[in-house]
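Numbering (this note's numbering), first residue to last: 174 to 1014.
Just so you know, even glycine gets a beta-carbon here, dropped at the ideal spot from N, CA and C.
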Amino acid sequence: MKTMLRTLMIAVLVVSLCIAALAPMSAQEGYAAEVSCTEQLGFAKLSDDTIQSSRAAGANRIALISYAAPKDHITLAAAQPNHAALIGDARNLSFSGGRGTPENPYLLSTARDLIAFAGAGDSYSRASYRLTANIDLSDYTWEYGSSEESSFNGTLDGNDKIITMRTIAPSDKMGFIKSLGSEGVIKNLTIKASVSQSVTMPASAKSNYTSATEKQEVVGGKADRDADKAYAALNIIGFRSDAGITIADSTGANPGSPSGECYFGLIAARSEGIIENCLTEGSVNLTVSGATILYAGGAVGRATDHTVASVMNKAGIAVKAPTSGEVYVGGIAGEVSRHTDLRDVTNQGAVAVTCEWSNSGDSKPKERSYVGGIAGFAGFGARLQNLLNTGRVSTLVTRAQKGNTSSTGGIAGTLWDGSMNQALNRGAVYAECAAAASQSKLRVAGIAGSSGNAALKNIGSEASVEGRGSNDMDVIGVTRTDGGTTVNNAYVTGRIRGQSPDRRADIYVMGLGEQLPTNNFYFAGTTSMNAGGLGEISVEALANIRPGETTGIYNYCYWNSRLIPFPGYPGLTKATATSKPVDVTTGRLSAAVSVGGQSYGNLSDALNAWVAAQGGGYLRWTGAANPAFDWTFGYELPDSVKYRNRKEGKWLDTSDWAYEWMERADALDIIPAMLLNKDMTQQINRREFAAVAVALYENMSGDRAEARGDSPFRDTNDSTVLKAYELGIVAGKSSDLFGPEDALTREQAATMLTRVYKAVYWEGWTLRDDAVYDAHALDASGVAEFADHRQISSYARDSVYFMTKKQIIDGTGNNRFSPQAMASREQAFKIAVATIGQLKR
């Protein structure tokens, strides 16, 4: 008994010393020390025996760890509803500073701070927070909130910083924030993610975490939960496992399976609050099974009742949909509804959805998909304004039954009982049904796959729209409407095409849309269909009007003169007097059109005359043959986000890999004045590189270069070019032309740098006598000939192989040098710094 008591006292003493040792340390140091402490206690080398240990956490709260190595899963339970040992008592959280008020927000500067933020509980959910550094969560399985219903109602200012994520805990709500409440605000934040996950969600009335068989990797850390602190215990140990994980409450029971709805958004899974000035980038590959409804977006899964504004998504979104139910996927949001304002947003990422629906045998199947470049579904009072999509949008239905419907649009999959103003789509739109899904319906359009009771104005689609494989499809330039939709001030210029292997398929292809009251529209694209391999057929430029339906709703509409506007035109149907064919190569109308009592024979003039007659609210047009709106669409990133590697007074931006090289160039004082405060990721021209070469010469020689006499070139009198010419570093592209603004090629860069070396170290060398100079020679021995050797200009070959041997300029892969490839400014400084390092004596 005495031995056991002594052992217990020693263990308590060791734990106390570890806790005491942590007290004065920083958050990051404390975390490292905790892991070290647990290793000393034996947790890093757990045996087959069950080990239990406890650690004081805050106000005498205990986290209990239970482990059995041979089992197929790990069960970890919280002895009390306390917060994780990693973060201590939530009442005493201090983060990296601040008091949580709007004037003095909590400061988040480390991964530990974010983990504390995630697990702090409801008492901290209304506080204000501010990021002070980029934070990498790549080694963490991230989950916000102490329960599935946790909402964040505070303010998180990202301060233009980046949070990097790799794994989000499988759940029915997956995102940086699970639920953003009606008072919550997330702003100025970038989420950079590379997420690839599969989630199985058996339908259940109770929502919670994930099934016991779900496999995942846990590395280092994760937020705690109110119901159980399993991952918090893993945080302490620093344990890595590929075993299944079961979440248990304090009784050891599994608290339940997830509900039939799943939400995913890199910023927020669900939102009733404000998301603004945010960027999402990277990639998302999400497979969800078992859910009845899935909402997924680059920024937010589902947004209701508030605002999503000034947001850009660059992340590719690839979703494999559940085998049943409804799917809502968009580049920005899966769904925006209930009077949500979605404005000033841009999507650049590809959006790809695969649906493999089971055959339920239901006479009225419920499977639907809504896929859009900006939003999968928008409606019920939603207001969309100033939108730009440039990413490809696609839906593939691999298995379905008759009656399943997929709506795919460049901006929105479906717009229902909502408005859209100032929207431009430049991303290709594609939907396809595989043979096993040919009975599924496809609605594919440049703007909205389908719509109803919607108002669209100032909209354009410049991309191709294509539908394939279905026996029942609409492929349309603007939208398919079920009634009540109007279009004002719009255009379509892309190719619209439908194809089915069944010659009896119902395929409707058109440039605008049927039964769609429209004013001031032009179509300069092409429309065609192919059913059953019978050949390509050109179809209607405006609408496929069924017999007996009116064309009088299409006013001031202009169409590609090579096509007909309606079926049977001009015998069976006719356009209104205000609508005319247009020569899309010149912009000339077939006949003058009267707008406001004046005649106009040019497309651009006619469009602008209509805009002027409305008295406001409509965008003006520029251009003649193919007019476009005089407007910049979408969200422009602020400089603080666009140029993340900016150094004040030195450069505007540079790539992550190049930052160290730019720092060295600055220390060596070889950044010429003309390149200060420039974007170093952009191409460098010949004049700029001449300036770099002169700075390099002055650094290596210790002499000042001088320009003497007049310029020998007709196209430049730049003093740095003249200095480089006097030194023999540059020559013209011809006897009297230098090409100062021409892009620099790789072989030119190698040649100029080699000439700097010669000018500095080869006594008596001049460019004029280079061919006969024999006092020194370039050593390129041992360098294998590049596969594209013959593409290297003869004057540059010696320099290319010399610089390659000196490891100053590398090949581009596959034993190629790519002599005519362009160089960027940051690449130029890298090789300039390398030249000093390798050749300066």
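Between Gly633 and the rest of its own chain, which residues show a CB-CB distance below 6 Å, the 5 nearest in sequence each way excluded? Within the sequence shown, numbered from 1, the residue matching residue 633 stands at position 460. Hits under 6 Å: Leu597, Tyr664.
Is DSSP giving Thr460 helix, strand or coil here? Looking up residue 460 in the sequence shown gives position 287. Thr460 falls in the strand class under three-state DSSP.
May I ask you to verify whether the stretch 677 to 685 touches the stretch 646 to 659, counting CB pairs closer than 8 Å and requiring at least 3? yes
Just the Cα atoms here: how many angstroms apart are Phe553 and Leu848? The residue you call residue 553 lines up with position 380 of the sequence shown. The residue you call residue 848 lines up with position 675 of the sequence shown. Approximately 52 Å, taken between the alpha carbons.
Measuring only the C-alpha atoms, how far is Lys388 from Gly807? As a position in the sequence shown, residue 388 is number 215, starting the count at 1. As a position in the sequence shown, residue 807 is number 634, starting the count at 1. Bear in mind that the predicted position of Lys388 carries a pLDDT of just 22, short of 50, making it too unreliable to give a figure here.
I'd like to know if the stretch 915 to 927 and the stretch 967 to 976 are in contact, where contact means that at least 3 CB-CB pairs between them fall below 8 Å. yes
Does any C-beta atom of chain D lie closer than 8 Å to the C-beta of Ile440? No chain D is present in this structure, which holds just one protein chain.
Local conformation of Tyr688 per DSSP, three classes: The residue given as residue 688 occupies position 515 in the sequence shown. In the sequence as presented, Tyr is not what sits at residue 688; that position holds Gln. Of the three classes helix, strand and coil, the one that applies to Gln688 here is coil, per DSSP.
Can you tell which of Gly640, Asn631, Ile584 has the C-alpha that lies nearest to the C-alpha of Gly619? Translated into positions along the sequence shown, residue 619 becomes position 446. With distances taken between Cα atoms, Gly619 lies closest to Ile584.
Which partner residues of Trp794 appear in the DSSP bridge assignment? Here residue 794 is taken as the residue at index 621 of the sequence shown, counted from 1. DSSP output for Trp794 lists Phe802 as bridge partner(s).
Touching by the beta-carbon criterion (3+ pairs, under 8 Å), the stretch 665 to 679 and the stretch 701 to 720: yes
The alpha helix (DSSP H) that contains Thr496, what's its start and end? Within the sequence shown, numbered from 1, the residue matching residue 496 stands at position 323. That residue, Thr496, is in no alpha helix (DSSP H); it is neither H nor E in DSSP.
Could you say which of Arg859, Thr893, Glu434 lies nearest to Lys906 if we only look at CA atoms? Walking along the sequence shown from the start, residue 906 turns up at place 733. If we check each option's Cα against that of Lys906, Arg859 comes out closest.
Residue range of the alpha helix (DSSP H) that Ala1005 falls in? The residue given as residue 1005 occupies position 832 in the sequence shown. Unbroken alpha helix (DSSP H) run through Ala1005: 998 to 1012.
Thr373 to Glu540, Cα distance in whole Å? In the sequence shown, counting from the first residue as 1, residue 373 sits at position 200. In the sequence shown, counting from the first residue as 1, residue 540 sits at position 367. Taking the straight line joining both Cα atoms gives about 18 Å.
DSSP state of Met374, grouped into three classes? Position 201 of the sequence shown holds residue 374. Residue state, collapsed to three classes: coil.
Since Ala472 and Val484 are thought to touch, with beta carbons under 8 Å apart, how far apart are those beta carbons, to the nearest angstrom? For the purposes of this step, residue 472 is taken as the residue at position 299 of the sequence shown. For the purposes of this step, residue 484 is taken as the residue at position 311 of the sequence shown. Right, their Cβ atoms sit about 5 Å apart.
Validate contact between the stretch 950 to 965 and the stretch 1000 to 1007 using beta carbons, cut 8 Å, 3 pairs: no
Near Ala217, which residues of its chain fall below 6 Å by C-beta distance, leaving aside the five closest residues on each side in sequence? In the sequence shown, residue 217 corresponds to position 44, counting from 1. In this predicted model, Ala217 has a pLDDT of only 29, less than 50, meaning its place in the structure is not dependable; the value taken from the coordinates is given anyway. Within the same chain, Ala217 has no close Cβ partners at all.
Between which residues of its own chain and Ser444 is the CB-CB distance below 6 Å, once the five residues before and five after are set aside? Position 271 of the sequence shown, counted from the first residue, corresponds to residue 444. Excluding sequence neighbours, Ser444 sits near Leu353, Val473, Ala476.
Have a look at the DSSP bridge pairing and note the partners of Pro754. For this step, residue 754 is matched to residue 581 along the sequence shown. BP columns for Pro754 point to Trp732.
Where the alpha helix (DSSP H) containing Gln855 begins and where it ends: Within the sequence shown, residue 855 is the residue found at index 682, counting from 1. From DSSP, Gln855 is part of no alpha helix (DSSP H); its letter is neither H nor E.
Which residue marks the beginning of the beta strand (DSSP E) containing Met347, and which one marks its end? Working through the sequence shown from its first residue, we reach residue 347 at position 174. Its beta strand (DSSP E) spans residues 346 to 353.
Contacting residues, own chain, Cβ-Cβ under 7 Å from Asp797 (five flanking each side not counted): Numbered from 1 along the sequence shown, position 624 holds the residue referred to as residue 797. This sequence places Ala at residue 797; Asp is not what is there. Same-chain partners within the cutoff: Gly760, Asn775, Ser777.
How many angstroms separate the CA atom of Ala241 from the CA atom of Thr314? What you label residue 241 is simply residue 68 of the sequence shown in a count that begins at 1. What you label residue 314 is simply residue 141 of the sequence shown in a count that begins at 1. Per-residue confidence for Ala241 stands at a pLDDT of 28, beneath the threshold of 50, marking its modelled position as unreliable; no derived number is given.
State yes or no: is the C-beta of Ile718 within less than 8 Å of the C-beta of Thr700? Walking along the sequence shown from the start, residue 718 turns up at place 545. Walking along the sequence shown from the start, residue 700 turns up at place 527. Contact: no.
Closest by CA to Ser623, which one among Thr658, Lys630, Ala782? Stepping through the sequence shown from its first residue, residue 623 is reached at position 450. Comparing Cα positions, the closest option is Thr658.
Segment contact flag, the stretch 925 to 936 with the stretch 945 to 952, C-beta cutoff 8 Å, min 3 pairs: yes
What does a CB cutoff of less than 6 Å around Thr977 pick up in its chain, not counting 5 residues either side in sequence? On the sequence shown, position 804 is the one that residue 977 refers to. Once the five neighbours on either side are set aside, the close Cβ partners of Thr977 are Val956.
Give the secondary structure of Phe272 by DSSP, where H, G and I count as helix, E and B as strand, and everything else as coil. What you label residue 272 is simply residue 99 of the sequence shown in a count that begins at 1. The displayed chain sequence assigns Arg, not Phe, to residue 272. Coil.
What does the alpha-carbon distance come out to for the pair Arg998 and Tyr791? Position 825 of the sequence shown, counted from the first residue, corresponds to residue 998. Position 618 of the sequence shown, counted from the first residue, corresponds to residue 791. Roughly 42 Å separates the two Cα atoms.
May I have a chain-ordered list of the beta strand (DSSP E) segments no shorter than 3 residues that lie completely inside the stretch 894 to 921? none
How about Thr799 and Thr893: are their beta carbons less than 8 Å apart? For the purposes of this step, residue 799 is taken as residue 626 along the sequence shown, with counting starting at 1. For the purposes of this step, residue 893 is taken as residue 720 along the sequence shown, with counting starting at 1. Rather than Thr, the amino acid found at residue 799 in this sequence is Asn. Taking 8 Å as the Cβ cut-off, Asn799 and Thr893 do not qualify as a contacting pair.
Opposing strand residues paired with Trp1017 [DSSP bridges]: As shown, the chain starts at 174 and ends at 1014. That puts residue 1017 outside it, with no answer to give.
Thinking Tyr832 and Asn818 are a contact (beta carbons under 8 Å), I'd like their distance in whole angstroms, please. Mapped onto the sequence shown, residue 832 falls at position 659. Mapped onto the sequence shown, residue 818 falls at position 645. With a Cβ gap of about 5 Å, Tyr832 and Asn818 count as contacting.
Range covered by the beta strand (DSSP E) that runs through Asp952: Along the sequence shown, read from residue 1 onward, the residue named residue 952 stands at position 779. That residue, Asp952, is in no beta strand (DSSP E); it is neither H nor E in DSSP.
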